[in-house]
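Visitor:
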Amino acid sequence: MTQIPPNLKYSQTHEWVRLENDAATVGITAHAQDTLGDITFVEFPKVGAQLTQNHESGVIESVKAASDLMSPVSGVVTAVNNALDSAPEAINDDPYGAGWLYTVKLADASELNALMDAAAYEKFLESE
Amino acid sequence: MTMKTTVLRPVHTALGAKMAPFGGYDMPIQYADGIIAEHGAARLGAAIFDTCHMGELLLRGPSAAADLDRLLSNDIANLAIGACRYGFLCNDDGGVIDDLITYRQAEAEFMVVINAANEATDFDWIAGRVSNGTSVENVSDATAKMDLQGPKSPKIAASILTHPIDGLRYYRFMRNYYKQTEVTISRTGYTGEIGFEIYCPVDVAADFWNDCVNNGTVPAGLGARDILRLEMGYPLYGHELSADRNAAQSGFTYAISKNKRFIGSDKVLNTSLRDQLLSGISIDGRRTARRGDTVVIDDKTVGTITSACFSPTQTHAIALAYIDKEYAGINTTVSIISGKNLLYGKTTVTPFHKNGTVRADINLYL
Chain A
2 MTQIPPNLKY
12 SQTHEWVRLE
22 NDAATVGITA
32 HAQDTLGDIT
42 FVEFPKVGAQ
52 LTQNHESGVI
62 ESVKAASDLM
72 SPVSGVVTAV
82 NNALDSAPEA
92 INDDPYGAGW
102 LYTVKLADAS
112 ELNALMDAAA
122 YEKFLESE
Chain B
411 MTMKTTVLRP
421 VHTALGAKMA
431 PFGGYDMPIQ
441 YADGIIAEHG
451 AARLGAAIFD
461 TCHMGELLLR
471 GPSAAADLDR
481 LLSNDIANLA
491 IGACRYGFLC
501 NDDGGVIDDL
511 ITYRQAEAEF
521 MVVINAANEA
531 TDFDWIAGRV
541 SNGTSVENVS
551 DATAKMDLQG
561 PKSPKIAASI
571 LTHPIDGLRY
581 YRFMRNYYKQ
591 TEVTISRTGY
601 TGEIGFEIYC
611 PVDVAADFWN
621 DCVNNGTVPA
631 GLGARDILRL
641 EMGYPLYGHE
651 LSADRNAAQS
661 GFTYAISKNK
671 RFIGSDKVLN
681 TSLRDQLLSG
691 ISIDGRRTAR
701 RGDTVVIDDK
711 TVGTITSACF
721 SPTQTHAIAL
731 AYIDKEYAGI
741 NTTVSIISGK
751 NLLYGKTTVT
761 PFHKNGTVRA
771 DINLYL
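In structure tokens, the structure reads:
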């Protein structure tokens, strides 16, 4: 079915986190984009905003629905993927690559322990 | 209420459709490639939609035309055999019981095509008001309906049907044959592109569908259908049209005759009852409004959103709204209160999609 890269961490609300030192890149999973359908609009958090784990960090609208984005980690937003403003379909086409949403300077790396690894997320999807 | 399925349900399952309830039926919302791809196929190629859920009533008898003229907002007496026409079935207050297309199949025989959710209401209303010599037969369960739409659809239809379709004009229909089975094919649809609605016996529907798909037609669901119709400003019953909204407020005046009396005409033709009109709103940006959102001008509430979506052809959000008549359709800047968001836009005349092929000469596409 949908691919689940092994090197990422996953939230129960279907966001992924890629960690490089204390910089985290956040996106939504292939399963999430498939469920949402064609994505038409993204509301990003502001660069510099303080995000809290499991709290709202933006909105994704698709041809079918609007959904809150939940932040899988706490920290300060350092960049957002402005290329998605005019081409949000990149999230559908490449959810783990060109469809990344924003980057965060991690406040607390231990929060990652609350997230799932790829194997656990795969099991989580099967149980949903 | 148990959910009904159409005869094409196994086809949808095999195609991996995402299904959802609509009008009492479990209907395909989208297939594997998604709503935007299906929308694009209807605009630029060919798409096929399962519309079997829609209802068909047959009216027969020497007074059938006069009965329909009394029941419907549009003119029926002068409707030619082989032509069809869009109109409203109104209640005594001028509200819309349903919007429908009437096909004149013979001098004294008509097919009326109605919305799925209104089938029982329409049948009871019509059957209870026709004259003694007019029969009303609900043939919905025996009739399959598919919409084949898009600039490539004439070639595909011509390759599958027995008789040529050259010269078939907008809002005209013909008898044709699919293999050995008689079908009705009309130059109508709900997308704004050239195309057909096909009526056939249920037992050949899946074969017809598969023949279209095997000839390059993309299966499309109700998600794409809703965007396509919104880009054209076409109404959807329950959103733009309802029993408690005067038919004339819709602005579809071509569907309302001034030359006759019909049930509700006192109210429909009374221009003082048109305090609001349906208007397009071109929304700034991609974020869409929602049905029920409030439309505001200078802090004054002037209307309500009835439908909205992101428009792939316009690449921004669009909406239809009932708006106080002085502001409708005249390029007035409005705000839309959409949950915690404030959206901005301009009222505009529809269609949003202005270069559709819907009225084109079919011979240019064969």
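So the sequences go chain by chain: A and B. The numbers in the working numbering rise by one with no breaks, and the one at position 112 of the first sequence is 113. The numbers in the working numbering rise by one with no breaks, and the one at position 235 of the second sequence is 645. Note that the Cβ used here is the ideal one computed from N, Cα and C, for glycine as well.
Of all the CB atoms in chain A, is at least one closer than 8 Å to the CB of Phe432(B)?
Guide: For Phe432(B), the answer is no, since every Cβ of chain A falls outside 8 Å of its Cβ.
Visitor: Would you mind reading off the limits of the beta strand (DSSP E) that contains Phe672(B)?
Guide: Note, Phe672(B): premise wrong, no beta strand (DSSP E); not H, not E.
Visitor: Would Thr134(A) pass as an interface residue toward chain B - the criterion being a Cβ-Cβ separation below 8 Å?
Guide: Look at the range of chain A in this structure, 2 to 129, and you will see that residue 134(A) is not part of it.
Visitor: For Ile5(A), which of helix, strand or coil comes out of DSSP?
Guide: In the structure shown, Ile5(A) sits in coil (DSSP, three-state: anything other than H, G, I, E or B).
Visitor: Which of the residues in the stretch 416-432 of chain B, read from start to end, lie with their CB under 7 Å from any CB of chain A?
Guide: Here the close residues number zero.
Visitor: DSSP three-state call for Pro735(B): helix, strand or coil?
Guide: Reading the sequence as shown, one finds Lys at residue 735(B) and not Pro. Helix at Lys735(B).
Visitor: Which chain A residues sit within Cβ distance under 9 Å of Arg470(B)?
Guide: None at all; the shortest Cβ gap to chain A is about 42 Å.
Visitor: Determine, for Thr698(B), whether the minimum Cβ-Cβ distance to residues of chain A falls below 8 Å.
Guide: Answer yes: the Cβ-Cβ gap between Thr698(B) and chain A drops below 8 Å somewhere.
Visitor: Measure the alpha-carbon distance for Val81(A) versus Glu44(A) and round it to whole angstroms.
Guide: Going from the Cα of Val81(A) to the Cα of Glu44(A) covers about 10 Å.
Visitor: Are any of the Cβ atoms in chain A nearer than 8 Å to that of Gln724(B)?
Guide: No, Gln724(B) does not count as interfacial toward chain A.
Visitor: Verify whether the separation of the beta carbon atoms of Gly631(B) and Pro420(B) is less than 8 Å.
Guide: It is not a contact, given that the beta carbons lie outside the stated cut-off.
Visitor: Looking only at its own chain, which residues have a Cβ that is under 6 Å from the Cβ of Arg495(B), when we skip the five neighbours before and after it?
Guide: Hits under 6 Å: Asn484, Leu489, Thr512.
Visitor: What separation, rounded to the nearest whole angstrom, lies between the Cα atoms of Asp503(B) and Tyr647(B)?
Guide: Asp503(B) and Tyr647(B): Cα-Cα distance of roughly 17 Å.
Visitor: For Met584(B), name the three-state secondary structure that DSSP assigns.
Guide: Looking at Met584(B) - three-state DSSP - the assignment turns out to be strand.
Visitor: Scan the stretch 546-578 of chain B for residues whose Cβ lies nearer than 9 Å to a Cβ of chain A and list them as they occur along the chain.
Guide: Correct list: empty, as no residue qualifies.
Visitor: I'd like to check one pair, Ser689(B) with Ala731(B): are the Cβ atoms closer than 8 Å?
Guide: Yes, the pair counts as a contact, with Cβ atoms nearer than the cut-off.
Visitor: Gly505(B): which of Ser652(B), Ile740(B), Cys719(B) sits nearest, CA to CA?
Guide: Selected option, being the one with the closest Cα: Ser652(B).
Visitor: What separation, rounded to the nearest whole angstrom, lies between the Cα atoms of Glu112(A) and Ser75(A)?
Guide: Cα to Cα, Glu112(A) sits roughly 8 Å from Ser75(A).
Visitor: What does the alpha-carbon distance come out to for the pair Gln559(B) and Gln724(B)?
Guide: Their Cα atoms are separated by approximately 20 Å.
Visitor: Which parts of the stretch 662-729 of chain B are runs of the alpha helix (DSSP H), unbroken and 4 residues or longer, counting only runs that do not cross its ends?
Guide: The qualifying runs are 675-678.
Visitor: Just curious, the beta strand (DSSP E) that Cys610(B) is in, first and last residue?
Guide: It spans 605-611 - the beta strand (DSSP E) in which Cys610(B) sits, taken as one unbroken run.
Visitor: Does any C-beta atom of chain B lie closer than 8 Å to the C-beta of Glu62(A)?
Guide: Output row for Glu62(A): interface = yes.
Visitor: Leaving out five residues on either side along the sequence, give the residues of the same chain with a beta carbon under 8 Å from the beta carbon of Asn620(B).
Guide: The answer, listed in chain order, is Val421.
Visitor: Might you give, ordered along the chain, the residues of its own chain that have their beta carbon closer than 6 Å to the beta carbon of Val549(B), omitting 5 neighbours on each side?
Guide: Once the five neighbours on either side are set aside, the close Cβ partners of Val549(B) are Glu466, Leu468.
Visitor: Just tell me which of Glu650(B), Tyr600(B), Gly538(B), Gly426(B) has its CA closest to the CA of Met777(B).
Guide: No information on residue 777(B) is available, as it lies outside the stretch 411 to 776 that chain B covers here.
Visitor: List the residues of chain B that Lys65(A) touches, going by C-beta distances under 7 Å, in chain order.
Guide: Ordered by position in chain B, the residues that pass the 7 Å Cβ test against Lys65(A) are Gly633.
Visitor: As a quick exercise: from Asp654(B), Gly605(B), Pro645(B), pick the residue whose alpha carbon is nearest that of Leu683(B).
Guide: It is Asp654(B).
Visitor: With distances taken between CB atoms, is the gap from Arg470(B) to Ser545(B) smaller than 8 Å?
Guide: A contact, by the Cβ cut-off of 8 Å.
Visitor: What are the complete beta strand (DSSP E) segments, minimum 3 residues, inside the stretch 478-546 of chain B?
Guide: Runs found: 494-500, 506-516, 519-524.
Visitor: Would you mind giving the Cβ-Cβ distance between Thr698(B) and Ile747(B), rounded to the nearest angstrom? I have them listed as a contact below 8 Å.
Guide: Thr698(B) to Ile747(B), Cβ: 14 Å. No contact.
Visitor: Taking C-beta pairs closer than 9 Å, name the residues in chain B that Gly38(A) reaches, listed in chain order.
Guide: Chain B residues near Gly38(A): Lys428, Ile439, Gln440, Gly444, Ile445, Ile446, Gly633.
Visitor: DSSP three-state call for Asp23(A): helix, strand or coil?
Guide: Coil at Asp23(A), not helix or strand.
Visitor: Three-state secondary structure (DSSP) at Ser771(B)?
Guide: Before going on, a small fix: residue 771(B) reads as Asp here, not Ser. Coil at Asp771(B), not helix or strand.
Visitor: Nearest to Ser692(B) by CA position, among Cys610(B), Ala770(B), Val417(B), Lys756(B), is which residue?
Guide: Out of Cys610(B), Ala770(B), Val417(B), Lys756(B), Lys756(B) has the C-alpha closest to the C-alpha of Ser692(B).
Visitor: How long is the line joining the alpha carbons of Leu107(A) and Gly455(B), rounded to whole angstroms?
Guide: Cα-Cα distance, rounded: 48 Å.
Visitor: Measure the C-alpha to C-alpha separation of Ala526(B) and Asn55(A) and round it to an integer number of angstroms.
Guide: Their Cα atoms are separated by approximately 42 Å.
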